[in-house]
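To keep things clear, I will list the structure first and then write my remarks on it.
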Amino acid sequence: RLQLSAARLGQLLWVFRPCAASRQASPAPLRLQLEGGQALQVRILKRRGPPLPQAIELPSCQPLLAQVLAAQAERRRALQGNGAAVPWPGALAHTERRDHALDRLALAAG
Numbered sequence: 005r006l007q008l009s010a011a012r013l014g015q016l017l018w019v020f021r022p023c024a025a026s027r028q029a030s031p032a033p034l035r036l037q038l039e040g041g042q043a044l045q046v047r048i049l050k051r052r053g054p055p056l057p058q059a060i061e062l063p064s065c066q067p068l069l070a071q072v073l074a075a076q077a078e079r080r081r082a083l084q085g086n087g088a089a090v091p092w093p094g095a096l097a098h099t100e101r102r103d104h105a106l107d108r109l110a111l112a113a114g
């Protein structure tokens with residue numbers, strides 16, 4: 005009923021159901037099944053057009069972000085190996101200007 009009401013009003017509605025419900029009928033025009041891991045597996049259960057038999061694989065982490073996080077982890081390991089204190093990332097936030105969203109995210113991730 006929620007899906008039909010949303011469709012009548014032209015509104016977007018997300019309904020999260022357990023995987024066991026994937027074989028049950030639904031009025032939803034698009035049904036996705038998501039599975040996490042190294043990459044996000046998106047299986048399209050229902051869509052307009054012909055069926056898509058294989059899952060779509062989406063990277064769980066963008067390559068640039070993965071490189072930044074790997075470099076930070078290596079830096080942390082090196083500093084901890086030397087007995088040096090690893091600075092809190094928020095301590096640098098007021099001194100460095102970051103123009104790119106990934107740069108800001110990397111700084112926040114520490």
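Residue numbers (this note's numbering): 5 to 114. Note that beta-carbon positions come from the ideal geometry of N, C-alpha and C, so glycine has one too.
Coarse secondary structure for residue i, derived from DSSP in three states
i, result
"Q28", "coil"
"R5", "coil"
"D67", "For clarity, residue 67 is Pro in the given sequence; the question names Asp instead. Residue state, collapsed to three classes: helix."
"Q76", "helix"
"Q84", "helix"
"L16", "coil"
Beta-bridge partners of residue i, as assigned by DSSP
i, result
"V46", "L38, I60"
Of the residues the options, the one placed nearest residue i, counting alpha carbons only
i, options, result
"W18", "R5, L83, P55", "R5"
"P54", "A10, Q66, L34, Q71", "L34"
"I48", "R27, A82, Q66", "R27"
"R12", "R21, L83, P22, A32", "A32"
Does the region 30-49 come close enough to the region 60-67 that 3 or more CB-CB pairs lie under 8 Å?
yes
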